[in-house]
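A.B. asks: The structure that follows is given in the form of structure tokens.
Protein chains in written order, with full-length UniProt numbering: chain V, 1 to 363; chain D, 1 to 363; chain X, 1 to 363.
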């Protein structure tokens with residue numbers, strides 16, 4: 001697909017300059033750009049790259065002298081990062097799958113698919129599943145019994161949706177993700193070592209061998225509109241009620257959401273985040289990569305964590321957190337600085353003790 | 001399915017009171033319960049919820065005045081958490097899959113399945129695989145050559161069992177889990193940087209480029225009875241002998257078990273736990289979410305770790321551990337307290353140094 | 001398959017002694033070895049094991065008196081660990097899959113497979129995909145549109161390769177791994193809380209609710225020769241250009257490689273490692289299990305991290321790093337020692353403060 005600079009600018013709500021009838025067929029970093037590419041030079045430091053590449057047109061920073069940069073056409077946008085969204089949506093070549101229902105897909109007679117739904121090769125759609133208009137169920141996907149997926153879904157290859165999962169509109173899931181596995185919940189006939197340890201913080205008393213009995217998951221998973229799920233994630237079913245994910249929340253790869261968890265709207269959960277059972281997370285929360293959150297706690301709205309943060313207790317709304325254990329970011333930054341001077345601190349105190357002892361003797 | 005209060009109480013070994021012929025068809029949290037639901041009100045704090053909901057019957061705490069709570073019937077159990085196990089097993093609606101062998105499954109002529117085994121659509125059963133009575137192999141599962149799965153297994157969609165893996169009875173695996181991937185084991189023709197670093201802790205000498213040669217995994221994986229495996233886990237094959245998981249061990253989602261690892265009986269491994277190659281773990285060990293364990297070490301019986309613990313060396317039996325590096329829980333709790341006062345400590349020492357220098361000068 | 005001691009020694013470039021026509025059919029640990037097994041007794045501490053087992057032949061340490069150990073034949077190798085590579089390659093029984101193209105595989109008419117490629121049951125090969133000579137695409141694998149896989153690949157069951165991914169020769173991937181999921185990249189119309197937090201480190205100003213708009217991934221993934229990928233890994237596509245992995249790099253299970261990441265040659269990435277978007281990693285880098293690396297940073301050649309390291313900023317070449325935050329290994333080792341004495345340090349300083357105050361008063 002090719003678009004003119006004018007068309008692209010219009011679709012982005014941005015201003016176009018110069019030869020706006022120039023056609024481009026892709027985007028590229030400035031130094032890699034060929035004559036058919038729109039170069040992305042949204043900051044002055046990309047100017048040198050433009051000279052190395054062969055772009056005739058570019059998206060440039062506000063105030064750039066695009067003619068001096070050797071360009072024939074330019075697009076200027078007020079918020080360049082936001083322009084990336086429209087540009088990449090326009091030029092996305094997609095996965096190249098055939099539309100329609102592949103004859104090798106196994107679709108239960110009672111499943112209810114909107115007329116324009118596509119189902120890829122070797123996908124399985126279970127008893128009573130419902131799939132909304134315009135959705136694509138990718139190759140080798142699985143949609144379980146009585147699951148409901150809204151309109152405009154796009155499931156990449158090998159996504160698994162368990163029985164009775166409810167998903168809103170415009171759901172996107174990357175390959176291998178699992179929604180609706182059983183919760184991890186076990187109990188012992190007698191009070192377990194873990195319960196005792198939690199109660200006493202350390203004294204385990206009689207640690208006799210104990211076997212675990214399963215608590216089955218009777219709930220399922222409810223997911224709002226405009227949610228995205230990364231590759232190889234897992235979202236567990238609730239025990240009695242559903243595990244819930246709000247509207248607009250985006251989840252990266254290899255993220256684990258435990259049973260009974262409630263996640264609000266418009267959150268970002270980055271790669272390898274884990275959220276243990278029954279924890280509640282507010283709206284607009286951002287958890288950086290490898291953040292872990294304990295079970296049965298509460299994280300308020302607008303909380304942000306830094307990479308690797310381990311959250312062991314509740315966090316009030318609006319806090320920025322970092323570290324193990326999670327503390328306010330400025331506290332952890334101080335602690336991290338302290339680490340580098342810790343050896344010296346021990347030496348100073350040791351020295352002080354000697355000095356003070358001596359001066360006391362002198363006195 | 002509907003059960004009377006009397007039937008439910010009998011199946012749980014609990015006492016029933018009031019209108020024990022009342023039929024219920026599901027369970028619910030007290031505030032969400034409809035008139036057909038058994039409300040779960042096992043602690044006094046749920047009393048208010050009962051008033052909000054419409055439950056006519058509930059499981060209540062020992063000593064509750066169930067009539068005053070507006071209930072027509074009640075079940076009282078000595079250990080409410082344990083009751084959850086029986087209740088949820090009784091009321092589990094399952095995955096809604098058809099029984100029998102789906103015609104789209106690809107089953108090798110030499111595979112040996114007990115007569116009542118179910119195999120879902122598009123599953124693959126390899127050469128010489130054996131599957132015991134009453135087992136269900138879910139949709140799109142894979143069972144490799146000469147693998148053996150015992151009686152009563154339940155494999156959710158897309159589980160992969162590699163060649164020669166041996167699994168006991170009543171195995172449960174959640175979607176996307178992998179048993180029997182190759183171990184991560186490589187060697188360089190000369191002593192590698194890593195070996196040298198381990199030997200000298202830091203001095204890497206000549207760090208010339210080195211390529212890695214694969215050590216193949218000749219062993220497989222042996223798993224005991226009553227083991228459960230979460231979604232998207234990975235359990236690697238052993239190098240010479242099998243990687244081993246004991247009876248009754250339960251493993252949560254996205255857990256990684258490295259090659260040659262030996263795990264005992266009745267352990268709980270929570271989400272995103274990783275256990276590196278050749279490490280041995282005792283019986284009744286509980287590793288909380290995101291715990292990591294180094295290779296080639298030993299963890300004794302009844303050890304419990306807290307969330308995010310990184311274990312870098314052996315742990316004797318019975319210890320409760322927390323932190324990075326893993327230390328006794330009470331030590332780490334002190335360290336975590338210290339973090340919050342660390343900035344002040346540096347200031348105090350700085351102040352002391354000034355004071356002591358001055359008083360020495362005065363003297 | 002059986003080999004003589006002589007054949008094995010020759011294939012390993014090692015020396016053989018004694019009854020070198022003895023045939024062996026497997027390898028085993030010394031105590032487990034039967035008369036058909038080659039025992040692996042590469043260190044003197046395995047001598048006792050040999051006496052317990054029934055091995056007639058063994059690989060022994062340099063200088064071992066193999067006859068005194070009761071063996072009829074022995075192989076001596078200069079670097080025993082390296083011998084493991086050749087031995088296990090020779091004796092690997094493989095996965096037991098049938099060669100050829102299984103009739104249940106769904107292969108697009110436009111896909112281009114070398115004549116000797118094997119494709120397992122229920123695999124899907126997409127439009128325009130190309131697969132090189134001698135490659136095996138395992139059961140239930142997916143290869144997307146216009147993807148290219150070189151010669152000699154071995155894809156275990158359920159591997160997913162997205163559209164336009166380019167992979168070199170001799171690629172090995174374990175079950176369930178995903179190459180070519182979409183990058184995790186979103187933007188808000190206004191400056192987001194996260195951007196603001198990064199800029200101000202803590203002051204979030206007006207934290208009004210914001211929704212996330214997707215930045216599509218137009219790039220794909222490029223992987224060099226001799227790369228291996230563990231089970232259930234995820235490698236994301238780049239935004240504009242490809243995410244890249246160099247030659248000879250080996251990646252363990254459940255590893256996440258974010259969008260736009262560039263990884264050099266001959267790296268080892270152990271289990272549960274996560275590398276956030278746009279980070280660059282040099283050659284011969286070894287990241288131990290559970291290492292996390294922030295986005296948009298740089299790690300130099302020959303860097304080694306210890307288990308659980310969280311890398312928040314650039315690392316120069318040749319460094320050994322450990323801890324959260326990542327610091328030089330010797331610094332972190334000192335910090336870890338300090339943790340154990342931290343409570344005592346607080347007490348010492350408290351005591352000093354009292355003493356100094358008193359002596360000041362006395363003076």
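Backbone N, C-alpha and C fix where the C-beta goes; we use that ideal spot for every residue, glycine too.
All of these numbers come straight from a predicted model, not from anything done at the bench.
If you measure between the beta carbons of residue 73 of chain D and residue 57 of chain D, is that distance less than 8 Å?
C.D. replies: Yes, these two residues count as a Cβ contact at 8 Å.
A.B. asks: Between residue 234 of chain D and residue 180 of chain D, what straight-line distance do the alpha-carbon atoms span, to the nearest angstrom?
C.D. replies: Cα to Cα, the separation comes out at about 8 Å.
A.B. asks: Classify residue 214 of chain D as helix, strand or coil using the three-state DSSP reduction.
C.D. replies: It is a strand residue.
A.B. asks: Rounded to the nearest angstrom, what separates residue 322 of chain D and residue 154 of chain V at their Cα positions?
C.D. replies: The alpha-carbon atoms of residue 322 of chain D and residue 154 of chain V are separated by roughly 41 Å.
A.B. asks: Can you name, in chain order, every residue of its own chain whose Cβ lies under 8 Å from the Cβ of residue 114 of chain V, other than the five neighbours on each side?
C.D. replies: If we look at residue 114 of chain V and ignore the five residues flanking it on each side, its Cβ neighbours are 131, 132, 133, 134, 135 and 151.
A.B. asks: Can the beta-carbon of residue 173 of chain D be found less than 8 Å from the beta-carbon of residue 146 of chain D?
C.D. replies: Result no, Cβ atoms of residue 173 of chain D and residue 146 of chain D do not sit closer than 8 Å.
A.B. asks: What is the DSSP secondary structure of residue 23 of chain D, reduced to helix, strand or coil?
C.D. replies: Looking at residue 23 of chain D - three-state DSSP - the assignment turns out to be strand.
A.B. asks: If the cut is a Cβ gap below 8 Å, which residues of chain X does residue 327 of chain D touch?
C.D. replies: By Cβ distance, chain X contributes 339 and 340.
A.B. asks: Keeping to the same chain, check which residues put their C-beta closer than 6 Å to that of residue 274 of chain X; ignore five residues upstream and five downstream.
C.D. replies: Closer than 6 Å at the Cβ level, and outside the excluded window around residue 274 of chain X, lie 256 and 292.
A.B. asks: Starting from the Cα of residue 237 of chain X, find the closest Cα among X:82, X:261 and X:249 and give me that residue.
C.D. replies: When only C-alpha atoms are compared, the closest one is X:261.
A.B. asks: Spell out whether any CB of chain X is found under 8 Å from the CB atom of residue 75 of chain V.
C.D. replies: No, its Cβ sits nowhere closer than 8 Å to a Cβ of chain X.
A.B. asks: If you compare alpha carbons, which of V:69, V:166, V:1 and V:24 is closest to residue 45 of chain V?
C.D. replies: If we check each option's Cα against that of residue 45 of chain V, V:69 comes out closest.
A.B. asks: Does the Cβ of residue 243 of chain X have 16 or more other Cβ atoms within 10 Å, making it buried, or fewer, making it exposed?
C.D. replies: Looking at its Cβ environment, which holds 16 or more other Cβ atoms inside 10 Å, residue 243 of chain X is buried.
A.B. asks: Which bits of chain V does residue 78 of chain D rub up against, with CB to CB less than 8 Å?
C.D. replies: What residue 78 of chain D touches in chain V: nothing, since even the nearest Cβ is about 10 Å away.
A.B. asks: Taking the alpha carbon of residue 318 of chain X as the point to measure from, which residue in X:335, X:310, X:285 and X:325 has its own alpha carbon closest?
C.D. replies: Cα-wise, what sits closest to residue 318 of chain X is X:285.
A.B. asks: Since residue 193 of chain X meets chain V, which of its residues come closer than 8 Å, beta carbon to beta carbon?
C.D. replies: In chain order: 284, 286, 302 and 304.
A.B. asks: Hey, is residue 7 of chain X's beta-carbon within less than 8 Å of any beta-carbon in chain D?
C.D. replies: Not an interface residue.
A.B. asks: Could you name the residues of the stretch 149-171 of chain V whose beta carbon sits closer than 8 Å to any beta carbon of chain X, in the order they occur along the chain?
C.D. replies: For the stretch 149-171 of chain V, which is checked against every Cβ of chain X, the residues closer than 8 Å are 156, 157 and 158.
A.B. asks: Buried or exposed, going by whether 16 or more other CB atoms sit within 10 Å of the CB of residue 23 of chain V?
C.D. replies: Exposed, by the Cβ-count rule.
A.B. asks: Please list, in chain order, the chain D residues whose beta carbon lies closer than 7 Å to that of residue 127 of chain V.
C.D. replies: Residues of chain D passing the Cβ test: 96.
A.B. asks: Using a Cβ-Cβ cutoff of 8 Å, what residues of the stretch 26-38 of chain V are near chain X? List them in chain order.
C.D. replies: Hits within the stretch, in order: 26, 27, 28, 29 and 32.
A.B. asks: State the Cα-Cα distance for the pair residue 364 of chain V and residue 83 of chain V, rounded to the nearest angstrom.
C.D. replies: Given a span of 1 to 363 for chain V in the structure shown, any question on residue 364 of chain V remains unanswerable.
A.B. asks: Buried or exposed for residue 360 of chain D, please, with buried defined as at least 16 other CB atoms from any protein chain shown within 10 angstroms of its CB.
C.D. replies: Result: exposed.
A.B. asks: Sort D:229, D:1 and D:218 by Cα distance to residue 183 of chain V and report the nearest one.
C.D. replies: Nearest option by C-alpha distance: D:229.
A.B. asks: Since residue 343 of chain X meets chain D, which of its residues come closer than 9 Å, beta carbon to beta carbon?
C.D. replies: The answer, in chain order, is 331, 334, 335, 337 and 338.
A.B. asks: Determine the direct distance from the alpha carbon of residue 300 of chain D to that of residue 265 of chain V, and round the result to whole angstroms.
C.D. replies: Using only the alpha carbons, I get a separation of about 43 Å.
A.B. asks: Going along chain D in order, which residues have a C-beta closer than 9 Å to the C-beta of residue 42 of chain X?
C.D. replies: Within chain D, no residue comes near residue 42 of chain X; the closest Cβ sits about 12 Å away, beyond 9 Å.
A.B. asks: Just confirm the distance between the C-beta atoms of residue 176 of chain V and residue 161 of chain V, as a whole number of angstroms; I'd bet it's less than 8 Å.
C.D. replies: About 12 Å; that fails the 8 Å criterion.
A.B. asks: From residue 210 of chain D to residue 169 of chain V, what does the alpha carbon distance come to, in whole angstroms?
C.D. replies: Rounded to whole angstroms, residue 210 of chain D to residue 169 of chain V spans 50 Å at the Cα level.
A.B. asks: Below 8 Å on the Cβ atoms is my guess for residue 249 of chain X versus residue 219 of chain X; work out the distance and round it to an integer in Å.
C.D. replies: About 19 Å separates the two Cβ atoms, so there is no contact after all.
A.B. asks: Below 8 Å between beta carbons: does that hold for residue 88 of chain V and residue 216 of chain X?
C.D. replies: Yes, the Cβ-Cβ distance between residue 88 of chain V and residue 216 of chain X is below 8 Å.
A.B. asks: Once DSSP output is grouped into helix, strand and coil, what is the label at residue 243 of chain X?
C.D. replies: Strand at residue 243 of chain X.
A.B. asks: Let me check one thing: in DSSP terms, what residues is residue 3 of chain D bridge-paired to?
C.D. replies: D:24.
A.B. asks: So, using beta-carbon positions, are residue 2 of chain V and residue 25 of chain V closer together than 8 Å?
C.D. replies: Yes. Within cutoff.
A.B. asks: Could you tell me whether the Cβ of residue 390 of chain V comes closer than 8 Å to any Cβ of chain D?
C.D. replies: Residue numbering for chain V in the displayed model covers 1 to 363; residue 390 of chain V lies beyond these limits and cannot be assessed.
A.B. asks: Closer than 8 Å, CB to CB, is residue 17 of chain D near chain V or not?
C.D. replies: For residue 17 of chain D, the answer is no, since every Cβ of chain V falls outside 8 Å of its Cβ.
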